[in-house]
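The opening residue of the sequence shown carries number 1286 in the numbering used here; numbering runs sequentially from there.
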Amino acid sequence: MPTFVVTLRLPDSFGEDFIALIPSHRDFINRLLADHIIEAYAISADRSRGWVTMNGESAAAVRAVVEQFPLYQYLQRIEIDELFIFDSAAARFPRISLN
């Protein structure tokens, strides 16, 4: 299954409505992580951008999932790029410890 990186532009300021949706958004993201639909989720330190590495059949399928994010209505811009290579330490076998 292809892997995509989704770049999200967050709003310049967060109102009460936005903040109230964060717990349900995190629950949704955590479910997608557990189901291996999302491989990685990151938000920049200045909280202006986010990156989500996702598995999906197509960019349209990935967009359909992103449109279900509870915070979707607040996202300023969404870019979806299919990756040629996605390698991460998390996808490798754990280190063996002799302790």
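Think of the CB as a built atom: it goes at the ideal place given N, C-alpha and C, for glycine as much as any other residue. Note that this is a predicted model, so its numbers are computed, not measured.
Uninterrupted alpha helix (DSSP H) stretches inside the segment 1333–1367 (no shorter than 4 residues): 1344–1351
Arg1294 in three-state terms, based on DSSP: strand
Sequence-distant residues of the same chain with beta carbon closer than 7 angstroms to Ala1327, five excluded per side: Gly1335 and Trp1336
Host beta strand (DSSP E) of Ala1325 (start-end): Ile1323 to Ile1328
C-beta atoms of Glu1367 and Phe1289 nearer than 8 angstroms: yes
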